[in-house]
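Notes follow the structure.
Dropping the structure here:
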């Protein structure tokens, strides 16, 4: 019966770990632990509850993040049921949560700590731990959905934009991930990204499908992540590069904390050489993986292995994103939509491509295009190829116009870093270019002379603001809105 339910190969991998190592710890948070057997039984109960209560159509489950075991039980339970889920970051405003529920036609809302009043208004069935205990209903059958999850990102109109990821997209990615990032039941894997951020796909499924232990941070661990890495003896970390800057600025990037770390998987932002140096300085045996991929291509679709021997040769303003993983492809086009072998806007093809945006046909047709009879996703990212490796250059929309001139903000960041600042981030606010840099002693006159040599007059920042640490948003990226509070 169980095998007939497991349509996804990733579910079969998890079930294999359940059968082979039932008493191994699957999830851990603080002093709490749950074994693979107990986790799987809870996911089955969750699945059965959904099937019993979903009226004919596949379960569509909004999972309201709590950073606890129930989040992951809900994810796997929904997939076992044949339905699909919508992960929602706990920091999401309730008004936006309402929009997502209505927009997605969700029939379940998964959370332990939530006021049920607003759910009843939206005709949504609340599912929590109390409801799934010993719930058994194995005979109910429902038509499986093609989707695995919908991840909502910010839309340009203010309305949420739902990226639809199919089960075959997810299966392809997880299958590659497990084969390439070889961890096992003795590995402790961090789960730092929010489940509402697609980077979480790279640690949740890798760990569960490899039989590893997934470590969920407590609240205090978000303030002192390096202490958690040390205390929980984490071997494999999945995060954005900004987390390393945060740890460094908090004076936690020390050998003591990273002595058990064997590998770090970076994605979500450009990775810089200075970040690699800071890691290798405390542990030069760490294997660094740099990946790239928009949400629309199922977490990541390139891979680069970086170590103490090759990192300098793989740096060109940013670290290489490497090469596409098997069956995925990259193509460049220039501004007049002609193919370019060396540089241009990054277009992505392959089995991990989303089918588009929920109920947004116009936007889907704009971003998902057919070129020479092949489907591609237009990323809006500019990149280039050098010595067989691909590099991210910047976002097309990070270009601004000031005094009639087009300015690329990342060019300013590059020169500020070259000058010697630990990190730099530039925004365009109230018609002014404002740069933020990590605190470092400097000579204002020398800095001004340097920038005049490197940049045209209209590119020179109106103001340079010095910070001890850069604020991060819920996805672990530099938070532009919070930076504006310093101006």
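Residue numbers (the numbering used here): 933 to 1419. Positions of the beta carbon are idealized from the N, C-alpha and C atoms, including for glycine.
- Task: Would you identify the three-state DSSP class for residue 1407, choosing helix, strand or coil?
- Result: coil
- Message: Between the alpha carbons of residue 1385 and residue 1348, how many angstroms are there, rounded?
- Response: 12 Å
- Query: Cα separation between residue 1110 and residue 1214?
  - Reply: 27 Å
- Which runs of the alpha helix (DSSP H), 4 residues or longer, sit entirely within the stretch 1292-1317? 1293-1299
- Query: Where does residue 968 fall in DSSP's three states?
  - Reply: helix
- Under the assumption that residue 1360 contacts residue 1332 (Cβ atoms under 8 Å), give the Cβ distance between them as a whole number of angstroms. 4 Å
- Task: State the Cα-Cα distance for the pair residue 1383 and residue 940, rounded to the nearest angstrom.
- Result: 54 Å
- Message: Suppose you measure from the CA of residue 985 to the CA of residue 976; what does that come to, to the nearest Å?
- Response: 14 Å
- By Cβ distance below 7 Å, which residues in the same chain neighbour residue 1056 in space, the five residues on each side in sequence not counted? 1033, 1038, 1039, 1040, 1041
- Item | Three-pair Cβ contact test at 8 Å for the stretch 1313-1324 versus the stretch 1143-1153 | no
- Task: Spatial neighbours of residue 936 within its chain, please: CB distance less than 6 Å, with the 5 preceding and 5 following residues excluded, ordered by chain position.
- Result: Residue confidence is low: residue 936 scores 49 on pLDDT, short of 50, so the model does not pin down where it sits. Its coordinate-derived value is still stated next. The answer is none, since no qualifying residue turns up.
- Beta-bridge partners of residue 991, as assigned by DSSP: Per DSSP, none; premise fails for residue 991.
- Measure the Cβ-Cβ separation of residue 1250 and residue 1202 and say whether it is below 8 Å. yes
- From residue 1345 to residue 1010, what distance separates their C-alpha atoms? 43 Å
- Below-8 Å beta-carbon distance, residue 1279 vs any chain D residue: Included in the structure is just one protein chain, with no chain D present.
- Query: If you drop the 5 nearest sequence neighbours on each side, which residues of the same chain put their C-beta closer than 7 Å to that of residue 1150?
  - Reply: 961, 962
- Message: Could you pull the DSSP bridge partners for residue 1081 from this structure?
- Response: 1017, 1097
- Query: Near residue 1078, what residues of its chain come up, given a Cβ to Cβ distance below 6 Å and the 5 sequence neighbours on each side ignored?
  - Reply: 1098
- Message: For the ligand GDP, I want to know if residue 1272 counts as a neighbour, meaning its beta carbon is within less than 7 Å of at least one of the ligand's heavy atoms.
- Response: As for the ligand GDP, it is missing from this structure, which has no ligand bound.
- Item | Residue range of the beta strand (DSSP E) that includes residue 1186 | Unbroken run through residue 1186: none, as it is neither H nor E.
- Query: The beta strand (DSSP E) with residue 1036 in it runs from where to where?
  - Reply: Run containing residue 1036: none in the beta strand (DSSP E); it sits in the alpha helix (DSSP H), 1026-1036.
- Item | Three-pair Cβ contact test at 8 Å for the stretch 1115-1127 versus the stretch 1163-1180 | yes
- Out of 1358, 1158, 1377, 952, state which residue places its alpha-carbon closest to the alpha-carbon of residue 1370. 1358
- Query: With C-beta atoms as the reference, is residue 1219 less than 8 Å away from residue 1255?
  - Reply: no
- Task: Starting from the C-beta of residue 1328, find all residues in its chain whose C-beta is less than 8 Å away, skip the five residues before and the five after it, and write them out in chain order.
- Result: 1277, 1312, 1313, 1314
- Task: Select from 1231, 1013, 1238 the residue whose C-alpha is nearest the C-alpha of residue 1217.
- Result: 1238
- Query: If we count the other Cβ atoms within 10 Å of its Cβ and call it buried at 16 or more, is residue 1157 buried or exposed?
  - Reply: buried
- Query: Contact between the stretch 1220-1230 and the stretch 1178-1188: three or more CB pairs below 8 Å?
  - Reply: no
- Item | Distance between residue 1378 and residue 1021 (C-alpha atoms, nearest Å) | 44 Å
- Do residue 1350 and residue 1095 have their C-beta atoms closer together than 8 Å? no
- Pairwise C-alpha distance: residue 1376 and residue 1142: 53 Å
- Task: Whole angstroms is fine: what's the gap from residue 969's alpha carbon to residue 949's?
- Result: 9 Å
- Using only alpha-carbon positions, find the residue among 1310, 988, 996 that is nearest to residue 1298. 1310
- Given a cut-off of 8 Å, decide if residue 1409 and residue 1139 are closer than it, judged by their beta-carbon atoms. no
- Out of curiosity, what's the CA-to-CA distance linking residue 982 and residue 1014? 10 Å
- Message: Residues in the same chain with beta-carbon distance under 8 Å from residue 1268, minus the five sequence neighbours each way, listed in chain order, please.
- Response: none
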